[in-house]
Amino acid sequence: MLKELIKKLIGHKSSKNTAKKRLQFTLVYDKLEMNDNILNELQSDIINVISRYFKIDKKSLGLKVKHDKNMSALVFNTPILCVKREKA
Amino acid sequence: MEGRIIVVTSGKGGVGKTTATASIGAALAMEGNRVAVIDMDIGLRNLDVVLGLENRIVFNIVDVVNKKCKIRQAAIKDRRIENLFLIPASQSDNKDILSTSGIKRTAKTLKKEFDYIIMDSPAGIEKGFENSVVAADEAIVICTPDVSSIRDADRVIGLLYARSITPKIVVNRIIPKMVAKGDMLNHQDIMEILSVELIGLVPMDEQVVISTNIGLPLVMQNDSKAGQAFKRIARRLNGEIDLPIEIPISKTGIWNKISQKFGLTK
Ligand SMILES: Nc1ncnc2c1ncn2[C@@H]1O[C@H](COP(=O)(O)OP(=O)(O)OP(=O)(O)O)[C@@H](O)[C@H]1O
Ligand SMILES: [Mg+2]
Numbered sequence: 089m090l091k092e093l094i095k096k097l098i099g100h101k102s103s104k105n106t107a108k109k110r111l112q113f114t115l116v117y118d119k120l121e122m123n124d125n126i127l128n129e130l131q132s133d134i135i136n137v138i139s140r141y142f143k144i145d146k147k148s149l150g151l152k153v154k155h156d157k158n159m160s161a162l163v164f165n166t167p168i169l170c171v172k173r174e175k176a
Numbered sequence: 033m034e035g036r037i038i039v040v041t042s043g044k045g046g047v048g049k050t051t052a053t054a055s056i057g058a059a060l061a062m063e064g065n066r067v068a069v070i071d072m073d074i075g076l077r078n079l080d081v082v083l084g085l086e087n088r089i090v091f092n093i094v095d096v097v098n099k100k101c102k103i104r105q106a107a108i109k110d111r112r113i114e115n116l117f118l119i120p121a122s123q124s125d126n127k128d129i130l131s132t133s134g135i136k137r138t139a140k141t142l143k144k145e146f147d148y149i150i151m152d153s154p155a156g157i158e159k160g161f162e163n164s165v166v167a168a169d170e171a172i173v174i175c176t177p178d179v180s181s182i183r184d185a186d187r188v189i190g191l192l193y194a195r196s197i198t199p200k201i202v203v204n205r206i207i208p209k210m211v212a213k214g215d216m217l218n219h220q221d222i223m224e225i226l227s228v229e230l231i232g233l234v235p236m237d238e239q240v241v242i243s244t245n246i247g248l249p250l251v252m253q254n255d256s257k258a259g260q261a262f263k264r265i266a267r268r269l270n271g272e273i274d275l276p277i278e279i280p281i282s283k284t285g286i287w288n289k290i291s292q293k294f295g296l297t298k
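Sequences listed follow chains P and S, in order. Here the first sequence is numbered in our numbering, starting from 89 and rising by one per residue. Here the second sequence is numbered in our numbering, starting from 33 and rising by one per residue.
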């Protein structure tokens with residue numbers, strides 16, 4: 089906000105700085121974009137690991153990549169049915 | 033010693049790959065190297081007209097790769113620049129016609145006969161791009177100072193790294209006046225974003241259009257700023273790694289105007 093104000097007062101906007109910021113974000117997002125195959129593989133790997141410790145409902149779980157303004161997150165959601173007594 | 037195969041590529045179309053291939057190839061030949069420039073844009077050839085050699089085409093790169101002729105038969109010798117040869121693309125085929133093994137075999141022979149083999153890649157990252165990089169030892173990625181070109185360059189750089197090629201960057205079509213005003217990304221910005229080695233900065237230059245109009249290699253036009261920039265890129269490729277990279281400046285920029293007033297210009 090302040091930056092914008094200063095720019096307006098000076099009467100000069102440098103469009104290249106906008107370009108640079110947009111590019112830097114875009115390139116990060118471009119690289120984070122994963123195809124469904126990778127996500128599916130990741131999902132089954134995660135299921136295998138978790139199933140060694142917990143009994144889970146394999147049908148009602150979800151894996152998503154969430155993009156926020158400043159970061160990306162991998163969100164994995166699964167209801168745990170019960171804890172396994174011994175590691176399988 | 034074996035020749036070096038250098039691919040000129042970009043991802044985005046129309047950023048100056050063909051102009052750069054012709055200019056760098058011609059400049060390397062003027063430095064005394066045996067040079068073959070090869071048009072890998074199968075179906076959309078243009079390197080021939082940019083070099084003014086379109087009337088002399090007999091065979092093309094598809095014929096060479098498919099063993100229909102010898103390299104010697106397809107390579108057109110430039111009569112103005114000694115040691116410069118063009119192997120044109122075929123205009124009627126499509127990009128799938130070349131086999132990887134055929135390209136690799138051809139590349140081996142080319143490396144024995146030439147010091148530099150410059151491949152002009154088509155735009156895009158599909159088969160035509162693959163064909164152009166499959167035998168390459170080195171790569172030059174051309175980009176212009178705009179968002180879409182830099183994004184595409186980044187993508188291509190990733191693909192080249194995956195093939196163990198570390199590319200060098202040429203920024204083309206720089207408009208110094210806009211850079212000075214802060215309305216065009218400067219080369220530091222671009223290098224910060226792409227983080228690969230820079231090998232040259234080429235200004236927007238009307239001479240590029242003129243030289244293409246008349247089919248005379250840009251580097252033969254001494255008053256061309258872009259031509260001079262490409263000559264320096266060639267010298268840098270050719271071993272003068274310490275040659276400084278010149279930053280294009282605007283003749284009508286404020287400092288130039290002031291220094292002109294005070295008689296400070298060279
Ligand atoms: N430095 C420059 N100054 C002015 N015009 C230029 C410059 N570089 C390239 N051009 C012009 O830009 C246009 C595109 O250039 P060129 O054909 O070399 O690009 P390309 O990347 O090979 O395109 P394509 O992707 O279609 O193969 C041409 O008209 C050329 O004359
Ligand atoms: Mg081209």
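Glycine is no exception: its CB is placed at the ideal position from the N, C-alpha and C atoms. For clarity, every value in this text was computed on a predicted model and none was experimentally measured.
Runs of the beta strand (DSSP E) spanning 3 or more residues and lying entirely within the stretch 181-248 of chain S occur at 200-206, 229-235, in chain order. A residue is called buried when at least 16 other Cβ atoms come within 10 angstroms of its Cβ; Ile242 of chain S does not meet this threshold and is exposed. The alpha-carbon of Val171 of chain P is positioned some 46 Å away from that of Asp186 of chain S. Annotation: Ile126 of chain P to Ile70 of chain S spans about 38 Å, alpha carbon to alpha carbon.
Rounded to the nearest whole angstrom, the CA to CA distance from Ile201 of chain S to Arg173 of chain P is 58 Å.
Chain S has no Cβ within less than 7 Å of the Cβ of Lys109 of chain P. Distances from the CB of Thr166 of chain P to the heavy atoms of ligand 2 are all 6 Å or more.
A direct Cα-to-Cα measurement between Pro154 of chain S and Thr53 of chain S gives close to 12 Å. Fewer than three pairs of CB atoms, one per stretch, sit closer than 8 Å, so the stretch 129-142 of chain S makes no contact with the stretch 38-48 of chain S.
Contact of Leu115 of chain P with chain S by beta-carbon distance below 8 Å involves Arg183, Asp186, Ile225. In the structure shown, the three-state DSSP call for Glu170 of chain S is strand.
Contact holds between the stretch 167-179 of chain S and the stretch 200-214 of chain S, because three or more Cβ pairs, one in each stretch, are under 8 Å apart. At a cut-off of 7 Å between beta-carbon atoms, Leu233 of chain S makes no contact with chain P. Contacts with chain P (Cβ-Cβ distance below 9 Å) from the stretch 145-179 of chain S involve Pro177, Asp178, Val179, listed in chain order.
Taken through DSSP and simplified to helix, strand or coil, Gly57 of chain S comes out as helix.
If you look at Arg36 of chain S, you'll find it in the beta strand (DSSP E) that goes 36-41. Taking Leu230 of chain S as reference, the option from S:Gln220, S:Met236, S:Gln239 with the minimal CA-CA separation is S:Gln220. Looking at S:Ile135, S:Met252, S:Arg88, the one whose alpha-carbon comes closest to that of Lys99 of chain S is S:Ile135. Inclusion of Ile38 of chain S and Glu170 of chain S in the CB contact set at 7 Å is warranted, their separation being smaller than that value. In this chain, the alpha helix (DSSP H) harbouring Ile93 of chain S covers 93-97. One finds Ile225 in chain S with Cβ atoms closer than 8 Å to the Cβ of Gln112 of chain P, taken in chain order.
Of all residues in the stretch 74-90 of chain S, none is placed with a Cβ closer than 8 Å to any Cβ belonging to chain P.
The beta carbon of Ser164 of chain S is closer than 8 Å to those of Val39, Thr41, Met72, Met151, Asp152, Ser153, Pro154 in its chain, skipping five residues each way along the sequence.
Counting the other Cβ atoms within 10 Å of the Cβ of Phe91 of chain S gives 16 or more, which makes it buried. Closer than 7 Å to the CB of Leu275 of chain S there is not a single CB belonging to chain P. Residue range 103-120 is occupied by the alpha helix (DSSP H) that includes Val116 of chain P. Interface annotation, Leu142 of chain S: not in contact with chain P, CB-CB separation never under 7 Å.
Shown here, Asn115 of chain S sits in coil according to DSSP, grouped into three states, outside any helix or strand. Residue environment: Ile172 of chain S is assigned as buried (16 or more neighbouring CB atoms within 10 Å of its CB, all protein chains considered).
In the three-state DSSP reduction, Asp128 of chain S falls in the helix class (H, G or I).
Taking C-beta atoms under 8 Å as the contact rule, Val94 of chain S and Ile74 of chain S qualify, at a distance of about 7 Å. Under DSSP, the beta-bridge partners assigned to Asp71 of chain S are S:Asp152.
At a cut-off of 7 Å, the C-beta of Leu217 of chain S has a neighbouring C-beta in chain P.
Beta-bridge partners assigned by DSSP to Ile89 of chain S: none are found. At the C-beta level, Ala58 of chain S and Pro249 of chain S come within 7 Å of one another. For Ala161 of chain P, DSSP records a beta bridge to P:Lys154.
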